[in-house]
Amino acid sequence: MLRLNVYCSLNIPIPEHIKLGSSYGSGLPKFRGGPKLPRRVSVRALKDEMDGGMSGGFQGRSWEPGLEIEVPFEQRPVNEYSSLKDGPLYSWGELGPGQFFLRLGGLWLVTFTVLGVPIAAASFNPSREPLRFVLAAGTGTLFLVSLIVLRIYLGWSYVGDRLLSAVIPYEETGWYDGQMWVKPPEVLARDRLLGSYKVKPVIKLLKQTLVGTGALLVTSVFLFIFATPVEDFFKTAFVTKDAPSNVVASKTNTKFKIR
1383 MLRLNVYCSL
1393 NIPIPEHIKL
1403 GSSYGSGLPK
1413 FRGGPKLPRR
1423 VSVRALKDEM
1433 DGGMSGGFQG
1443 RSWEPGLEIE
1453 VPFEQRPVNE
1463 YSSLKDGPLY
1473 SWGELGPGQF
1483 FLRLGGLWLV
1493 TFTVLGVPIA
1503 AASFNPSREP
1513 LRFVLAAGTG
1523 TLFLVSLIVL
1533 RIYLGWSYVG
1543 DRLLSAVIPY
1553 EETGWYDGQM
1563 WVKPPEVLAR
1573 DRLLGSYKVK
1583 PVIKLLKQTL
1593 VGTGALLVTS
1603 VFLFIFATPV
1613 EDFFKTAFVT
1623 KDAPSNVVAS
1633 KTNTKFKIR
């Protein structure tokens, strides 16, 4: 930011006493012009330094700490946003849709292999009930992944609300001394820019992901419910087809034994 300092020098008249007469000793003041001083206006531009000071011997004011000094450092919305996007899990929200869904797919595959398959195998026999086994493992894994996405969404939604709000609560030392802080106009403008252009797109992506995983969960549950009748139908159909061939084979063996 550039600031202008203006200096102006003026020609100031100097009074002179003139006598009217020698006998009376009286006189009148007369103004005469002093030496002709150049009338000039000097303008100097002062540039703010990066550390909040100003060149030319004038020190500026760094508004960031002063305006938010009431709120503890870790509870300021802009610092909460910085810690959120640097976190190992919450930083997934800032990824593009392709990388985000790729990581979710990798997480689902690892969870399915490590947790879903062993837990489902303890409840359903893979050889006798393969359909229910696969559906149980996949549905349980999808539920865990949905919980992780929900946790990421809640974190970003909380920070987004604090960035967009003009009044935020904070705690000085603990829950028992909560206070309310009204943001100054400069802080409110900065926070709302961050909330609108950085946080809202992340929340939109996470909402769409939650809707998609919710639809998949409902579909998986319905398939799991109807898995038992489907398996029973296929078992009955295969048993019915195998039964006549077994009867014919037993009759043939009986004839050979009689002969």
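Sequential numbering from 1383 applies to the sequence shown in my numbering. Just so it is clear, CB atoms sit at the ideal spot from N, CA and C, and this is done for glycine as well. Computed from a predicted structure; not experimentally measured.
Residue 1462 vs residue 1541 beta-carbon contact at 8 Å: Against the sequence shown, residue 1462 aligns to sequence position 80. Against the sequence shown, residue 1541 aligns to sequence position 159. Closer than 8 Å, so yes.
Can you tell me whether residue 1529 is buried or exposed? The criterion is at least 16 other CB atoms within 10 Å of its CB, across all chains shown. Within the sequence shown, residue 1529 is the residue found at index 147, counting from 1. It is exposed - the Cβ of residue 1529 has fewer than 16 other Cβ atoms within 10 Å.
What span of residues does the beta strand (DSSP E) with residue 1561 cover, start to end? Your numbering for residue 1561 matches position 179 in the sequence shown. Per DSSP, residue 1561 belongs to the beta strand (DSSP E) from 1560–1564.
So what does residue 1550 bridge to, in DSSP terms? Here residue 1550 refers to the residue found at position 168 when the sequence shown is read from its first residue. Answer by DSSP bridge pairing, in chain order: 1563.
Boundaries of the alpha helix (DSSP H) in which residue 1464 is found, first to last residue: For this step, residue 1464 is matched to residue 82 along the sequence shown. Element bounds for residue 1464: 1459–1467.
Any contact between the segment 1501–1521 and the segment 1564–1584? By contact I mean 3 or more CB pairs, one from each, below 8 Å. no
Should residue 1485 go down as buried or exposed, given a rule of 16 or more other Cβ atoms within 10 Å for buried? Position 103 of the sequence shown, counting from 1, holds the residue named residue 1485. The residue in question, residue 1485, is exposed, as its Cβ has fewer than 16 Cβ neighbours within 10 Å.
Quick one: residues in its chain with C-beta nearer than 8 Å to the C-beta of residue 1454, no 5 flanking neighbours on either side, listed in chain order? The residue given as residue 1454 occupies position 72 in the sequence shown. Excluding positions up to five away in sequence, the list reads 1552, 1553, 1554.
Determine the DSSP secondary structure at residue 1509, reduced to helix, strand or coil. Within the sequence shown, the letter at position 127 stands for residue 1509. In this structure, residue 1509 counts as coil in the three-state DSSP scheme.
Buried or exposed for residue 1479, going by 16 or more other Cβ atoms inside 10 Å? Translated into positions along the sequence shown, residue 1479 becomes position 97. Per the 10 Å Cβ criterion, exposed.
Work out the CA separation of residue 1467 and residue 1527 for me, nearest whole Å. If you number the sequence shown from 1, residue 1527 lands on position 145. If you number the sequence shown from 1, residue 1467 lands on position 85. The alpha-carbon atoms of residue 1527 and residue 1467 are separated by roughly 20 Å.
For the segment 1542–1549 against the segment 1591–1608, do three or more pairs of beta-carbon atoms, one drawn from each stretch, fall closer than 8 Å, so that the two count as touching? no
Flag this pair as yes or no: are the beta carbons of residue 1505 and residue 1518 separated by less than 8 Å? For the purposes of this step, residue 1505 is taken as residue 123 along the sequence shown, with counting starting at 1. For the purposes of this step, residue 1518 is taken as residue 136 along the sequence shown, with counting starting at 1. Yes, Cβ-Cβ distance for residue 1505 and residue 1518 is below 8 Å.
Alpha carbon of residue 1503 to alpha carbon of residue 1583, nearest angstrom: Along the sequence shown, read from residue 1 onward, the residue named residue 1503 stands at position 121. Along the sequence shown, read from residue 1 onward, the residue named residue 1583 stands at position 201. Cα to Cα, the separation comes out at about 40 Å.
For residue 1474, I'd like the list of residues in its chain whose CB is within less than 7 Å of its CB, leaving aside the five on either flank, ordered along the chain. Start at 1 with the first residue of the sequence shown, and residue 1474 comes out as number 92. Cβ neighbours of residue 1474 beyond the five flanking positions: 1482, 1485, 1534.
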